[in-house]
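Have a look at the structure below before the remarks.
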Amino acid sequence: MSATITKAIFPVGGLGTRFLPATKSMPKEMLPIVDKPLIQYAVEEAAEAGITEFIFVTGRGKAAIEDHFDHSTEIEDILKQRGKENGLNAVRAMMKTPGSVAYIRQQEPAGLGHAIWCARHYINNEPVAVLLADDLIKPATGGNGCLKQMVEAWQDRGGNMVAAMEVPKQQTSSYGIITPGASFGTSDGTLTEVKGLVEKPEPADAPSRLAIVGRYILEPGVFDELEKMERGAGGEIQITDSLARRIGHVPFFSHQFTGTRFDCGSKLGFLQANISYALSRPDLAADLETWLKGVDL
Ligand code: UTP
153 MSATITKAIF
163 PVGGLGTRFL
173 PATKSMPKEM
183 LPIVDKPLIQ
193 YAVEEAAEAG
203 ITEFIFVTGR
213 GKAAIEDHFD
223 HSTEIEDILK
233 QRGKENGLNA
243 VRAMMKTPGS
253 VAYIRQQEPA
263 GLGHAIWCAR
273 HYINNEPVAV
283 LLADDLIKPA
293 TGGNGCLKQM
303 VEAWQDRGGN
313 MVAAMEVPKQ
323 QTSSYGIITP
333 GASFGTSDGT
343 LTEVKGLVEK
353 PEPADAPSRL
363 AIVGRYILEP
373 GVFDELEKME
383 RGAGGEIQIT
393 DSLARRIGHV
403 PFFSHQFTGT
413 RFDCGSKLGF
423 LQANISYALS
433 RPDLAADLET
443 WLKGVDL
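So that you can map any letter, position 288 of the sequence shown is 440 in my numbering, and since no number is skipped, the others follow by simple counting.
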């Protein structure tokens with residue numbers, strides 16, 4: 153095993169306008185899939201991949217995320233008094249080592265690249281993972297999480313890496329799309345050399361159907377590019393633009409992972425994720441399946 157990645161950035165500064173009014177006073181990342189908020193799935197995926205330092209880039213109205221990862225002595229005391237061991241263990245198990253969680257405020261939602269750049273002082277010239285909590289990636293049964301798969305692939309290759317999946321042609325304008333080079337299989341996916349990147353191209357202009365989804369491993373040179381603060385698609389500072397400018401300087405691969413990705417920033421993806429995760433839960437699956445089969449739509 154070569155280098156390791158110990159830090160992850162969780163950009164949670166977006167406005168979540170597609171989920172209004174639910175997100176008027178509640179962060180999108182706190183929306184629950186069954187009984188766990190999206191952000192907790194992302195943090196658990198990062199921890200599984202070896203991450204020990206968790207950096208949240210937050211914005212206005214995101215205080216619930218900080219509270220979620222803090223002790224709630226009131227809830228813990230009540231659960232203890234009532235002998236609710238399962239609940240107590242669940243809230244205690246998610247606590248991180250003191251000092252391993254940091255919060256930085258993105259003062260304006262100027263784009264994903266800008267959010268990542270806001271975390272720069274916590275990243276000392278080292279590679280870092282980035283996870284977007286609203287892209288929920290469910291591992292295959294018994295399989296590793298997406299970030300763990302990527303870290304293992306990255307340890308052989310270095311440079312920059314993004315998670316990717318094929319999307320229908322008509323959806324390319326919702327994603328960063330890859331100009332692919334050589335591809336080869338790994339134990340749990342396919343690595344494809346990234347020759348170019350286009351942010352949200354119309355289907356007719358898209359170089360492929362290979363789309364970036366919300367997992368990244370970034371080498372330090374990306375932060376030098378972000379520093380230039382150049383605005384791209386939608387007038388926002390895009391991470392894809394900085395990644396594209398590193399092509400030719402460092403290796404750059406996309407990793408088509410094993411697992412199922414749910415776009416929980418959209419209502420349909422959020423509903424699908426809830427049903428899929430509930431159907432994988434022994435305490436819910438049978439009753440939900442019975443109801444789904446009999447439901448009068
Ligand atoms: P989205 O494109 O989904 O934007 O951001 P959004 O504002 O969260 O949601 P909608 O489109 O208004 O419904 C993709 C990811 O980048 C983060 C978001 O939190 C989300 O995880 N992001 C985006 C930031 O952290 N800061 C930004 O300025 C923009």
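Yeah, the Cβ is synthetic: ideal placement off N, Cα and C, and Gly gets one too.
Review point. Residues bridged to I161 by DSSP?
Key: I207 and V282
Practice item. Return the CA-CA distance between E205 and P173, expressed in angstroms with no decimal places. Key: 32 Å
Check your understanding: Would the C-beta of T392 count as close to ligand 1, meaning under 7 Å from any of its heavy atoms?
Key -> no
Exercise for review: Report back the beta-carbon spacing between P372 and E278 to the nearest angstrom; my notes put them in contact at under 8 Å.
Suggested key: 7 Å
Review point. Alpha helix (DSSP H) containing D308: first to last residue?
Key: C298 to R309
Point to revise | Contact test: G168 Cβ vs ligand 2 heavy atom, cutoff 7 Å | key: Here the bound small molecules are ligand 1; ligand 2 is not part of this structure.
Check your understanding: Can you name, in chain order, every residue of its own chain whose Cβ lies under 7 Å from the Cβ of A216, other than the five neighbours on each side?
Key -> M178, P179 and M182
Exercise for review: Run the proximity test for K321: is its beta-carbon closer than 7 Å to any non-hydrogen atom belonging to ligand 1?
Suggested key: no
Exercise for review: Flag this pair as yes or no: are the beta carbons of I157 and I203 separated by less than 8 Å?
Suggested key: yes
Practice item. Would you kindly work out how many angstroms separate the C-alpha atoms of P403 and F414, rounded to a whole number? Key: 28 Å
Check your understanding: Using a threshold of 7 Å, is the CB atom of L299 nearer than that to any non-hydrogen atom of ligand 1?
Key -> no
Check your understanding: When you compare each of L444, N426 and T410 to G417 by their alpha carbons, which one comes out closest?
Key -> N426
Exercise for review: Look at the Cβ atom of S224, then the Cβ atom of V243, and state whether they are nearer than 8 Å.
Suggested key: yes
Review point. Of all the options D222, G213, G411 and V209, which has the alpha carbon lying nearest to the alpha carbon of C270?
Key: V209
**Study point:** Among A201, R257, A245 and G239, the one whose alpha carbon lies nearest that of I207
**Key:** R257
Review point. What are the boundary residues of the beta strand (DSSP E) that includes R244?
Key: Counting along the chain, R244 falls outside any beta strand (DSSP E), though it belongs to the alpha helix (DSSP H) covering E237 to A245.
Check your understanding: Hey, how far is the Cα of E218 from the Cα of A356?
Key -> 43 Å
Review point. Does the beta carbon of G341 fall short of 7 Å from some heavy atom of ligand 1?
Key: no
Point to revise | Beta-carbon proximity list for H266, same chain, < 6 Å, skipping 5 on both sides | key: I389
Point to revise | Backbone secondary structure at Y255 - three-state DSSP | key: strand
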